[in-house]
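For the sequence shown, the working numbering gives the first residue as 121, with consecutive numbering after it. Don't be surprised by glycine CBs; every beta carbon is placed ideally from N, CA and C. The structure displayed is predicted, hence computed values, not measured ones. Data first, discussion second: the structure below is written as structure tokens.
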Amino acid sequence: MIKWPKKVKRHGKVLAKIYRSTGRRGYRVCWQPAGGRRQMKSFATYGGTKGALQFAEAVVKEIATGSDTARLTPKQARAALSIFDALDAFLRKTGRAIPPLQAVTEYLDAATKLGKEHSLSAAVTGFLSNVATVRRVDVSVAAEEFLAACTAKTKAPDGKRPQLSKVYAYMTGHFLRRFTDTFKGSAVCDLTKDNLDLFLSSLSDLAPKTRNHYRATIKMFLGWAVKKDYLSVTHRLFDAPAMKPEPLTSEDTDYYRPAELRLMLDHADDELRPIIALCAFAGLRLNESLRLTWDDVFRQRGHVDITSAKSKTRSRRLVEIVPALAEWLRPWHQRTGPLWSQSVDRYMERSVELRESLGIPSRRNGLRHAFCTYHYALHKGNEHYTAQQAGNSPAMIHAHYKGLATEEEAKEWFSICPPEAAKNIVSLPCAAGGAA
121 MIKWPKKVKR HGKVLAKIYR STGRRGYRVC WQPAGGRRQM KSFATYGGTK GALQFAEAVV
181 KEIATGSDTA RLTPKQARAA LSIFDALDAF LRKTGRAIPP LQAVTEYLDA ATKLGKEHSL
241 SAAVTGFLSN VATVRRVDVS VAAEEFLAAC TAKTKAPDGK RPQLSKVYAY MTGHFLRRFT
301 DTFKGSAVCD LTKDNLDLFL SSLSDLAPKT RNHYRATIKM FLGWAVKKDY LSVTHRLFDA
361 PAMKPEPLTS EDTDYYRPAE LRLMLDHADD ELRPIIALCA FAGLRLNESL RLTWDDVFRQ
421 RGHVDITSAK SKTRSRRLVE IVPALAEWLR PWHQRTGPLW SQSVDRYMER SVELRESLGI
481 PSRRNGLRHA FCTYHYALHK GNEHYTAQQA GNSPAMIHAH YKGLATEEEA KEWFSICPPE
541 AAKNIVSLPC AAGGAA
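Right, here's the structure in full:
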């Protein structure tokens with residue numbers, strides 16, 4: 121006859137007890153593993169393969185041998201089995217075997233970093249949408265792809281103005297290749313803020329304005345790289361301290377004087393002379409004048425017609441042909457085709473040769489600056505009229521050209537004509553001034 125509770129021993133030591141339920145059929149096995157909590161499990165039968173006695177003996181054996189399995193409660197044991205089932209299903213689906221400990225510790229580490237506000241699933245979704253799609257492409261390879269796209273925009277379909285000028289595309293390539301040559305062998309997505317800081321610090325011998333051009337080019341390239349999935353949309357490269365544009369000190373506006381213009385017009389050849397005259401007396405930007413045809417010059421009586429396709433601002437404007445300009449353009453009234461058929465670089469080379477042969481110093485955009493300066497002075501500070509002619513804003517005209525020249529100096533500028541026509545335009549300044 122069994123004495124209850126039934127004591128189950130191992131090596132003479134009681135490690136588990138079996139209790140018979142009072143008032144109903146059933147048995148409970150109670151045990152306490154070393155270092156664990158007291159546990160209990162119920163059974164419908166005492167003997168047999170699924171009975172309380174067999175389970176108790178198995179538990180006692182595990183406790184005696186130091187097995188950790190006995191420390192698990194039934195609920196914990198079921199959870200452990202579920203984890204193994206999940207990992208097994210993952211292995212069959214992906215071919216990747218992950219140890220249970222690694223699965224748990226990596227999850228807990230990620231959950232700790234995310235905090236209570238974000239779930240791991242949401243974080244993974246965000247990662248996949250922003251980072252995981254990034255492709256590894258060498259900086260130099262990506263740069264050449266970017267520059268090829270820029271070059272394509274310099275070609276104008278059906279005679280229309282291209283999206284980018286060739287000079288702009290050339291300078292962009294110059295700036296960008298110096299940057300990418302520094303990081304050959306590195307992927308775009310591997311660039312760091314330290315990389316950008318070190319590169320820009322290497323440009324200390326350049327002017328602040330030039331360094332700002334480098335910054336603008338790098339920003340444009342990296343923005344394009346994000347769209348191409350070569351760089352994460354969440355990158356913070358623009359936060360690099362050195363990427364902040366440098367403030368520029370305003371430079372004094374320099375411009376040519378009447379005597380210098382007279383020398384250039386008198387000694388220029390028939391290709392350079394009309395372009396010099398248009399920049400000096402109509403205030404055209406050099407690139408605008410080099411895009412013109414003779415039809416643009418003479419199509420509108422008394423005005424140069426700068427169409428939106430040829431204007432820097434892509435807005436059409438009509439510029440008055442003052443009497444002095446009309447005289448300088450008179451020999452070309454029957455001409456057709458473009459004013460200039462060579463490259464911008466070639467024009468610059470020839471104009472520099474002319475200026476140096478005459479001993480005239482270089483003044484950047486000096487002819488256009490001279491027009492704005494003298495036109496503003498001649499029309500007694502009417503910045504709106506000068507801005508309309510120059511294709512600029514009144515505020516810009518007022519800020520940069522106010523008070524640089526006297527009215528008498530302005531009259532001298534707009535009185536410069538071919539020698540044979542000088543006697544016919546003695547009243548030029550008054551005529552020009554009356555147009556305000």
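Among the options, nearest to residue i - alpha-carbon criterion
i: R455; options: V417, P328, Q462, R421; result: V417
i: A327; options: E366, E177, P219, F319; result: E366
i: A230; options: R382, F247, T214, G215; result: F247
i: K273; options: Y288, D389, L234, T506; result: Y288
i: Y227; options: I517, R216, A243; result: A243
i: L498; options: I122, S239, E529, T373; result: E529
i: E265; options: Y505, Q222, Y350; result: Y350
i: P220; options: D465, D205, R281; result: D205
i: R255; options: S306, G155, S431, T271; result: S306
i: K339; options: D325, K313, E532; result: K313
i: F126; options: L173, A269, S241; result: Before going on, a small fix: residue 126 reads as Lys here, not Phe. For K126, the nearest C-alpha among the options comes from L173.
i: D390; options: P282, S471, R436; result: S471
i: S463; options: R484, L406, R212, K364; result: L406
i: A223; options: T245, H333, K280, A200; result: A200
i: M468; options: G215, N485, W452; result: N485
i: E532; options: D465, K275, P378; result: P378
i: E408; options: R437, R421, A388; result: R437
i: L267; options: T142, H333, W344; result: W344
i: R466; options: L392, T232, G156; result: L392
i: F299; options: R335, H238, G155, T214; result: R335
i: L284; options: G156, D278, T271; result: T271
i: Y290; options: D325, G168, H333, A154; result: H333
i: H453; options: F534, V346, K286, G422; result: G422
i: A154; options: T142, G168, G186, K161; result: G186
Beta-carbon contacts of residue i that lie in its chain and below 6 Å, excluding the five residues immediately before and after
i: N544; result: Residue confidence is low: N544 scores 48 on pLDDT, short of 50, so the model does not pin down where it sits. No coordinate-derived value is stated.
i: Q557; result: Absent from the structure is residue 557, since the part of the chain shown begins at 121 and ends at 556.
i: R419; result: D425
i: F401; result: V442, A444, L445
i: K329; result: L368
i: P451; result: none
i: L234; result: A243
Proximity below 8 Å, CB of residue i to CB of residue j
i: H294; j: Y375; result: no
i: L445; j: A397; result: yes
i: I203; j: F210; result: no
i: C399; j: L487; result: yes
i: V308; j: V257; result: yes
i: H281; j: A429; result: One detail in the question is off: residue 281 reads as Arg in this sequence, not His. Taking 8 Å as the Cβ cut-off, R281 and A429 qualify as a contacting pair.
i: T292; j: T337; result: yes
Integer-rounded CB distance, given that residue j should sit under 8 Å from residue i
i: Y166; j: Y147; result: 5 Å
i: A263; j: L316; result: Not a contact, Cβ separation roughly 15 Å.
i: E447; j: P538; result: 6 Å
i: E410; j: I395; result: Checking the sequence shown, residue 410 turns out to be Leu, not Glu. About 7 Å; that satisfies the 8 Å criterion.
i: I536; j: L385; result: 7 Å
i: K304; j: S260; result: 5 Å
i: T433; j: G511; result: 6 Å
Residues of its chain near residue i, where Cβ-Cβ distance is below 8 Å and the 5 sequence neighbours each way are ignored
i: R158; result: C150, W151, Q152
i: R145; result: A164
i: D597; result: Absent from the model: residue 597. The displayed extent of the chain is 121 to 556, so no value can be given.
i: C550; result: Residue placement at C550 cannot be trusted, given a pLDDT of 35 that sits under 50; the coordinates are not used to answer.
i: L240; result: Y227, A230, A231, L234
Own chain, CB closer than 7 Å to residue i, minus 5 neighbours either side, in chain order
i: E380; result: I480
i: A136; result: V128, V149, C150, W151, A176, V179, V180
i: W124; result: Y139, R140
i: H520; result: T373
i: G457; result: T413, W414
i: G171; result: F163, T165
i: L207; result: I218, P220, A223
i: L342; result: L351, L357
i: S513; result: A507
Any non-hydrogen atom of the ligand FAD closer than 7 Å to residue i Cβ
i: A444; result: Among the components of this structure there are no ligands whatsoever, and the ligand FAD is therefore not found.
*Between the segment 130-147 and the segment 161-181, do at least 3 Cβ pairs fall closer than 8 Å?*
The segment 130-147 is in contact with the segment 161-181.
*asked:* Below 8 Å, how does it come out for the segment 524-543 and the segment 484-496: are there three or more Cβ pairs, yes or no?
replied: By the C-beta criterion, the segment 524-543 is judged to be in contact with the segment 484-496, since at least 3 inter-stretch pairs fall below 8 Å.
*So, do the segment 353-361 and the segment 314-324 have three or more beta carbon pairs nearer to each other than 8 Å?*
Remark: three or more beta-carbon pairs, one from each stretch, lie closer than 8 Å, so the segment 353-361 and the segment 314-324 are flagged as touching.
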